[in-house]
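Trainee:
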Amino acid sequence: MSDVTARRREGLARFWREYRAQRSGMYGAAILVVAVLAALLTPLLTDPSGLDVTRATGEKMAPPSLGFPLGTDESGRSILLMILWGSRVSLLIGFLSALLSMVIGTVVGITAGHFRGWPSAVLMRITDWFLVLPTLVLALVLAAILGGGTSTIVLAIGVTSWASTARLIRAQTLAVEARPYVERSRVLGGGHWHVMTRHVLPNVAPLVLANTTLTVAGAIVTESTLAFLGADAGQASWGSMLRGSYDWGAVTSGAWWYVLPPGLCIVAVVLAFTLCGRALEVVLNPRLRGVS
Amino acid sequence: MTLLEAVDVHVEFTSRGRRARAVDGVNLTVGEGEIVALVGESGCGKTTLARTLLGLERPASGAVRYGGAPLTYSTRALKAYRREVQLVPQDPTGSLNPRHTVYEAVAEGPRIHGLPGERERVASALSRAGLRPPERFFPVYPHELSGGQRQRVVIAGALALDPKVLVADEPVASLDASVRGEILALLLRLRAELGLSALVVTHDLGLAWNIADRVAVMYLGRIVESGPVEQVLSAPSHPYTQALLSVLPESPAPIVLGGEPPDPTRVPGGCRFHPRCQVLAGGKAAEAGVDGRCRSQPLSILPAVPGSRVACYFAEVSRAPL
Amino acid sequence: MTSPETRPGTRPEARRGGLLELRDVAVTYRSAAGDVPAVRGVSLELAEGEALGVAGESGSGKSTLALALLRLLPKTARVTGEIMLDGEDVLAMTWGRLRAVRWASASVVFQGAQHALNPVRRVGTQIAEPLLVHRMATPARARTRVTELLEQVGLPAWRARSYPHELSGGQRQRVMIAMALACEPQLIIADEPTTALDVMIQAQVLTLIRSLIAGRGISLIMISHDLSVLAATCDRLAVMYAGRLVETGPSREVFTGARHPYSRALAEAFPTVGDFASRMAPRGLGGDPPDPMRLPGGCSFHPRCPVALPSCAWRDVELWPADRAPEEPASPASSAPSHTAACVHVLPDPEAGPEPETTGEDETPAGRPAKESA
Numbered sequence: 001m002s003d004v005t006a007r008r009r010e011g012l013a014r015f016w017r018e019y020r021a022q023r024s025g026m027y028g029a030a031i032l033v034v035a036v037l038a039a040l041l042t043p044l045l046t047d048p049s050g051l052d053v054t055r056a057t058g059e060k061m062a063p064p065s066l067g068f069p070l071g072t073d074e075s076g077r078s079i080l081l082m083i084l085w086g087s088r089v090s091l092l093i094g095f096l097s098a099l100l101s102m103v104i105g106t107v108v109g110i111t112a113g114h115f116r117g118w119p120s121a122v123l124m125r126i127t128d129w130f131l132v133l134p135t136l137v138l139a140l141v142l143a144a145i146l147g148g149g150t151s152t153i154v155l156a157i158g159v160t161s162w163a164s165t166a167r168l169i170r171a172q173t174l175a176v177e178a179r180p181y182v183e184r185s186r187v188l189g190g191g192h193w194h195v196m197t198r199h200v201l202p203n204v205a206p207l208v209l210a211n212t213t214l215t216v217a218g219a220i221v222t223e224s225t226l227a228f229l230g231a232d233a234g235q236a237s238w239g240s241m242l243r244g245s246y247d248w249g250a251v252t253s254g255a256w257w258y259v260l261p262p263g264l265c266i267v268a269v270v271l272a273f274t275l276c277g278r279a280l281e282v283v284l285n286p287r288l289r290g291v292s
Numbered sequence: 001m002t003l004l005e006a007v008d009v010h011v012e013f014t015s016r017g018r019r020a021r022a023v024d025g026v027n028l029t030v031g032e033g034e035i036v037a038l039v040g041e042s043g044c045g046k047t048t049l050a051r052t053l054l055g056l057e058r059p060a061s062g063a064v065r066y067g068g069a070p071l072t073y074s075t076r077a078l079k080a081y082r083r084e085v086q087l088v089p090q091d092p093t094g095s096l097n098p099r100h101t102v103y104e105a106v107a108e109g110p111r112i113h114g115l116p117g118e119r120e121r122v123a124s125a126l127s128r129a130g131l132r133p134p135e136r137f138f139p140v141y142p143h144e145l146s147g148g149q150r151q152r153v154v155i156a157g158a159l160a161l162d163p164k165v166l167v168a169d170e171p172v173a174s175l176d177a178s179v180r181g182e183i184l185a186l187l188l189r190l191r192a193e194l195g196l197s198a199l200v201v202t203h204d205l206g207l208a209w210n211i212a213d214r215v216a217v218m219y220l221g222r223i224v225e226s227g228p229v230e231q232v233l234s235a236p237s238h239p240y241t242q243a244l245l246s247v248l249p250e251s252p253a254p255i256v257l258g259g260e261p262p263d264p265t266r267v268p269g270g271c272r273f274h275p276r277c278q279v280l281a282g283g284k285a286a287e288a289g290v291d292g293r294c295r296s297q298p299l300s301i302l303p304a305v306p307g308s309r310v311a312c313y314f315a316e317v318s319r320a321p322l
Numbered sequence: 001m002t003s004p005e006t007r008p009g010t011r012p013e014a015r016r017g018g019l020l021e022l023r024d025v026a027v028t029y030r031s032a033a034g035d036v037p038a039v040r041g042v043s044l045e046l047a048e049g050e051a052l053g054v055a056g057e058s059g060s061g062k063s064t065l066a067l068a069l070l071r072l073l074p075k076t077a078r079v080t081g082e083i084m085l086d087g088e089d090v091l092a093m094t095w096g097r098l099r100a101v102r103w104a105s106a107s108v109v110f111q112g113a114q115h116a117l118n119p120v121r122r123v124g125t126q127i128a129e130p131l132l133v134h135r136m137a138t139p140a141r142a143r144t145r146v147t148e149l150l151e152q153v154g155l156p157a158w159r160a161r162s163y164p165h166e167l168s169g170g171q172r173q174r175v176m177i178a179m180a181l182a183c184e185p186q187l188i189i190a191d192e193p194t195t196a197l198d199v200m201i202q203a204q205v206l207t208l209i210r211s212l213i214a215g216r217g218i219s220l221i222m223i224s225h226d227l228s229v230l231a232a233t234c235d236r237l238a239v240m241y242a243g244r245l246v247e248t249g250p251s252r253e254v255f256t257g258a259r260h261p262y263s264r265a266l267a268e269a270f271p272t273v274g275d276f277a278s279r280m281a282p283r284g285l286g287g288d289p290p291d292p293m294r295l296p297g298g299c300s301f302h303p304r305c306p307v308a309l310p311s312c313a314w315r316d317v318e319l320w321p322a323d324r325a326p327e328e329p330a331s332p333a334s335s336a337p338s339h340t341a342a343c344v345h346v347l348p349d350p351e352a353g354p355e356p357e358t359t360g361e362d363e364t365p366a367g368r369p370a371k372e373s374a
């Protein structure tokens, strides 16, 4: 069925055309490309030994200079180097925890939307419970119980942030399930699995994609907050840099180069993901576009 | 030979805290190679009855029988039943997943049932539904088709399972006048070529006249008149059938019934049509001496027989002397 | 010239060209893929108190034409020609004048009454709205008027306090009609007013529409794909195909004796119950409506036409007198004929070469306003 794959490719090209028309989405995508490239290339271009407190070469709390374009921290490490290596941790945790959150949210949402009656009621009560729990406190407690490490932070963020996604997916699932083609599929003999995978999932997938992008932004903020509050992954991340700057009184001592770069990086990447997510929503969600 | 049968079927819903008797005792049969039209206003329970016959609703009491055996509602039994009885839905546009090509839409049934020779099956189903050459339609998306073509794709999707019975719910209601005849002719041709039986649910008496062998007129959950189309539609016995026929645009003397469509949560006592009955209101029922029974005595449920039957006290007495 | 039929809607004093006159009206939608001609040169006249039915399938341009009458089309539509409503050119009106005209002179009953009513406002308020907006009544007077209007459409006065969802489909359509009547318009445009309704409710609504326009001098333009419904309600019919009129004439004549094969197909689509010719023989029209961007050359109906001649592929015929007496010397220049059809078979000699008034081009360029006989 080469003609079908050709149609698929055509659809992809149309998607790209429509996405390109979203100017803010293009800015967001550009920022993301830069951030992801930096994170990927850092190990190839820089030496991680500079992150070791004992092997730091610079002066303590030195302002930006030629050798250290963004200055140094309290141990004489290069802020630029820490930002670059920190981007790896922040992005990785952001992506993984958003992925986890989306998987849980989608499974719960589709299941609750597809099976009416008590399974749906039970799932939605659990969702409501997670929705009203103070996410940050729960994540802090989880991180404390499970011990440090990247996977712990990912788990803590993922497990606490899926509830709103589940609600969204459930609403969309209910809308899809009301379509006559789902009834037709049932009459053709399709079971639960068939309806959920062939009709519901492809129809909620665009929403999932757009929502994931927004969730990544939230996850990066949560990671930074957790790190700032002390629950870090044991490696330099943007959040833990902010924590360090706070601990060493960077603001009061006027060491702006210690505070601003990690803060601005968080803002830029979160903004970029939000812009991309909104643009994807507009392109993929026909209701926002007006005409399907 | 009776193929599909409803035996004393009752279906109930709870609507805003009240019990609605959507289908309230119906006997209906569809024979092999027979086209039966189920006619009535919206809210009369005809779509609920059709969904029950498809196994999408479970009757509160009574049974659906296929080939003499009562339908069971286990997942496996229902799946096997789907290969025999298929649906032609009302709205072909909504019934096709906009993300699926014509090929995928028609292949859905064979894939679910794991039938061999998918490509050939899809091609033959499409050409039997009048979309030729079938290969040309494989990669097309529903929005690129006209309304009539979409309905043909939906019919092809049903045919791909080689069913014995089609249950068509208002198959042409959402189509243009010019396409309507083509789709109805297709149903007739499928009967002639494949021996398909069909139950056509409609509010359109002209459709029944066009293609059906027998017609059953439904009012408020019950069949009030049934029989061969020529007999029932040329010489209707039930006042409700008479009224329905009289308001067709071509009719010389319309009897426009007052009031709103009946409410299945409030079924009147006696004959359920009596509050709107023009024969009772006109005093003819009183002349015949049946008005008391019309208002208070429930009618018995019509049996499913090939001949003409009518559930009306007045028709019984006025027909008797003939 | 009046309709030969005597039916409820006909008023003997009805005069042609009275209320509404369309001259060569064309509507073109601009789209990314190019211009889409939806209506291609329609000329029509509607007398005071006359009921005109416009028939055609989806895509024939019938709804576009109706919306163009009150300039209700989206901005992407370009309307050319002349639309004279009561002697005033609608296309030249200022917005203020147009808004006044929209309720007071002509109003629209849309199809799908559940979407045209605001779900969160009581129906009484919605009926009174045009009266108050146009300062045609004080709030107190508007309330009594709402009661009056509801009575006229057969609804009890307490229904004014209901919300749309509390009404059935037929009742909502009645409310729509009450709204249309509120400012006592001269013209009502009803777009598929009964399409989604059951036969019995449809009969109720049609009876209501007929009784309301009869004897009040209100003109009606009713749009539907069901020729039998139009024939039962209207004095005259106009059948549209691919953006043009293909047949006009008195209802009964068009419905029972259509001269254009397309009108005939529409008329036969809904059978007469009891007519054994249609028993087990549903009749329809093969093929699909043409793509307005790629109209066939010649007569745009010829690819689907059961009686097409070879010449139809290049020869486009205008509306031509089609009264039931072919021997009569036919001339489009003489007094306006009551029954016209745009088909080669109504010409005195179908096989003859192009008449002076017919075009014999290989292709009809899309968007070119076609010339129609008046």
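Protein chains in written order, with full-length UniProt numbering: chain A, 1 to 292; chain B, 1 to 322; chain C, 1 to 374.
Quick reminder that beta carbons are idealized off the backbone N, C-alpha and C, glycines included.
Nothing here was measured: the structure is a model prediction, and the numbers come from that model.
1. Just curious, the beta strand (DSSP E) that Q86(B) is in, first and last residue?
2. Does any C-beta atom of chain A lie closer than 8 Å to the C-beta of L96(B)?
3. Considering residue 293(A), what are the terminal residues of the beta strand (DSSP E) in which it resides?
4. Within 8 Å of any Cβ in chain B, is that where the Cβ of R116(A) sits?
5. For I183(B), which residues from the same chain have a beta carbon less than 7 Å from its beta carbon, with the 5 sequence-adjacent residues on both sides left out?
6. Entirely within the segment 252-296 of chain B and at least 3 residues each: give me those beta strand (DSSP E) ranges in chain order.
7. So, does the CB of D91(B) fall closer than 8 Å to a CB anywhere in chain A?
8. How many whole angstroms separate the CB atoms of A268(A) and M82(A), which I take to be in contact at a CB cut-off of 8 Å?
9. Rounded to a whole number of angstroms, what is the C-alpha to C-alpha distance between P261(A) and L80(A)?
10. How many Å lie between A56(A) and Y258(A) at the Cα?
11. At the level of alpha carbons, what is the spacing between L221(A) and C265(A)?
12. Could you give the C-beta distance for V215(B) and S197(B), rounded to a whole number, given that I count them as a contact under 8 Å?
13. So the candidates are V283(A), W256(A), L280(A), G277(A); which of them puts its Cα closest to the Cα of D73(A)?
14. Looking at the structure shown, is A168(B) part of a helix, part of a strand, or coil, going by DSSP?
15. What does DSSP give as the partner residue(s) for G31(B) in the beta ladder?
16. Compute the Euclidean distance between the alpha carbons of R170(A) and H199(A), then round it to the nearest angstrom.
17. With 16 as the cutoff for other CB atoms within 10 Å, does N118(C) come out buried or exposed?
18. Going along chain B in order, which residues have a C-beta closer than 7 Å to the C-beta of residue 294(A)?
19. Can you find a heavy atom of the ligand SAH that lies under 7 Å from the Cβ of G274(C)?
20. What's the gap between the Cα of G239(A) and the Cα of A21(A)?
21. Considering only residues of the same chain and omitting the five flanking positions on each side of M136(C), which have a CB-CB separation below 7 Å?
22. List the residues of chain C that V256(B) touches, going by C-beta distances under 8 Å, in chain order.
23. Against R179(A), what residues of chain B qualify as contacts under a CB-to-CB distance less than 7 Å, listed in chain order?
24. Can you check which of these residues, Q242(B), S296(B), R266(B), is closest to residue 324(B) by C-alpha distance?
25. Which class does V251(A) belong to by DSSP, given the choice of helix, strand or coil?
26. Kindly indicate the opening and closing residues of the beta strand (DSSP E) around E247(C).
27. Shorter than 8 Å from the beta carbon of G190(A) to some beta carbon of chain B?
28. If contacts are defined as beta-carbon pairs under 8 Å, then I211(B) and V201(B) qualify, I think. What distance do you get, rounded to the angstrom?
29. How long is the line joining the alpha carbons of A6(B) and G169(C), rounded to whole angstroms?
30. Given a threshold of 16 other Cβ atoms within 10 Å of its Cβ, counted over all protein chains shown, does E108(B) qualify as buried or as exposed?
31. Can you check which of these residues, P206(A), D247(A), L242(A), S245(A), is closest to C276(A) by C-alpha distance?
32. Indicate the three-state DSSP secondary structure (helix, strand or coil) for G130(B) in the structure shown.
33. So, at 7 Å on beta carbons, what are the nonlocal neighbours of T48(B) in its own chain, with the 5 sequence-adjacent residues on each side left out?
34. DSSP three-state call for M218(B): helix, strand or coil?
35. S15(B) bridges to which residues according to DSSP?
36. Quick check on G268(C): buried or exposed, where buried means 16 or more other Cβ atoms within 10 Å of its Cβ?
Mentor: Reading off the structure:
1. Translated into positions along the second sequence, residue 86(B) becomes position 86. Element bounds for Q86(B): 85-88.
2. Here residue 96(B) refers to the residue found at position 96 of the second sequence. Yes, because at least one Cβ of chain A sits closer than 8 Å to the Cβ of L96(B).
3. Since the first residue shown for chain A is 1 and the last is 292, residue 293(A) is missing from the structure and cannot be characterised.
4. For the purposes of this step, residue 116(A) is taken as residue 116 along the first sequence, with counting starting at 1. Chain B, which has no Cβ nearer than 8 Å to the Cβ of R116(A), makes this no.
5. On the second sequence, position 183 is the one that residue 183(B) refers to. Within the same chain, I183(B) has close Cβ partners G148, Q151, P171, V172, L175.
6. none
7. Mapped onto the second sequence, residue 91(B) falls at position 91. So, interface residue.
8. As a position in the first sequence, residue 268(A) is number 268, starting the count at 1. As a position in the first sequence, residue 82(A) is number 82, starting the count at 1. About 16 Å separates the two Cβ atoms, so there is no contact after all.
9. Taking the first sequence and counting its residues from 1, one reaches residue 261(A) at position 261. Taking the first sequence and counting its residues from 1, one reaches residue 80(A) at position 80. So the two alpha carbons sit approximately 8 Å from each other.
10. Along the first sequence, one-based indexing puts residue 56(A) at 56. Along the first sequence, one-based indexing puts residue 258(A) at 258. Going by the C-alpha atoms only, they are around 16 Å apart.
11. Residue 221(A) sits at position 221 when you count from the first residue of the first sequence. Residue 265(A) sits at position 265 when you count from the first residue of the first sequence. Checking the displayed sequence, the identity of residue 221(A) turns out to be Val instead of Leu. Answer to the nearest angstrom: the Cα atoms are 11 Å apart.
12. Taking the second sequence and counting its residues from 1, the one referred to as residue 215(B) is at position 215. Taking the second sequence and counting its residues from 1, the one referred to as residue 197(B) is at position 197. Going by Cβ atoms, the distance from V215(B) to S197(B) rounds to 15 Å, so no, they are not a contact pair.
13. Translated into positions along the first sequence, residue 73(A) becomes position 73. Ranking V283(A), W256(A), L280(A), G277(A) by Cα distance to D73(A) puts W256(A) first.
14. Position 168 of the second sequence, counted from the start, is the residue given in the question as residue 168(B). DSSP places A168(B) in strand when its eight states are reduced to three.
15. The count along the second sequence starts at 1 and reaches residue 31(B) at position 31. Partner(s): T2(B).
16. For this step, residue 170(A) is matched to residue 170 along the first sequence. For this step, residue 199(A) is matched to residue 199 along the first sequence. When rounded, the distance between both Cα atoms is 14 Å.
17. Counting from 1 along the third sequence, the entry for residue 118(C) is found at position 118. With fewer than 16 Cβ atoms within 10 Å of its Cβ, N118(C) is classed as exposed.
18. In the structure as shown, chain A starts at 1 and stops at 292, and residue 294(A) therefore has no counterpart that could be examined.
19. With respect to small molecules bound, the structure shown includes none, and the ligand SAH cannot be examined in it.
20. Taking the first residue of the first sequence as position 1, residue 239(A) is located at position 239. Taking the first residue of the first sequence as position 1, residue 21(A) is located at position 21. Rounded to the nearest angstrom, the two C-alpha atoms are 34 Å apart.
21. In the third sequence, residue 136(C) corresponds to position 136, counting from 1. Excluding positions up to five away in sequence, the list reads C183.
22. Here residue 256(B) is taken as the residue at index 256 of the second sequence, counted from 1. In chain order: M200, A203, Q204, T207.
23. Within the first sequence, the letter at position 179 stands for residue 179(A). By Cβ distance, chain B contributes G94.
24. Since the displayed chain B opens at 1 and closes at 322, residue 324(B) lies outside it and no answer follows.
25. As a working mapping, residue 251(A) is identified with position 251 in the first sequence. Note: V251(A) maps to coil in three-state DSSP.
26. Here residue 247(C) refers to the residue found at position 247 when the third sequence is read from its first residue. Looking at the DSSP string, the run of the beta strand (DSSP E) that includes E247(C) is 244-250.
27. Locating residue 190(A) in the first sequence gives position 190, where the first residue counts as 1. With 8 Å as the cut-off, G190(A) counts as an interface residue toward chain B.
28. Start at 1 with the first residue of the second sequence, and residue 211(B) comes out as number 211. Start at 1 with the first residue of the second sequence, and residue 201(B) comes out as number 201. The Cβ separation is near 13 Å, so there is no contact.
29. The residue labelled residue 6(B) in the question sits at position 6 within the second sequence. The residue labelled residue 169(C) in the question sits at position 169 within the third sequence. About 30 Å.
30. For the purposes of this step, residue 108(B) is identified with residue 108 of the second sequence, where counting begins at 1. With 16 or more other Cβ atoms within 10 Å, it is buried.
31. Position 276 of the first sequence, counted from the start, is the residue given in the question as residue 276(A). Nearest option by C-alpha distance: P206(A).
32. Translated into the one-based positions of the second sequence, residue 130(B) becomes position 130. G130(B): coil per DSSP, three-state reduction.
33. As a working mapping, residue 48(B) is identified with position 48 in the second sequence. Contacts found: V11, A22, V23, E57.
34. Sequence index remark: in the second sequence, residue 218(B) carries index 218 (1-based). The answer is strand: DSSP assigns M218(B) an E or B state.
35. Taking the first residue of the second sequence as position 1, residue 15(B) is located at position 15. According to DSSP, S15(B) bridges with R18(B).
36. Working through the third sequence from its first residue, we reach residue 268(C) at position 268. It is Glu, not Gly, that sits at residue 268(C) in the sequence shown. With 16 or more Cβ atoms within 10 Å of its Cβ, E268(C) is classed as buried.
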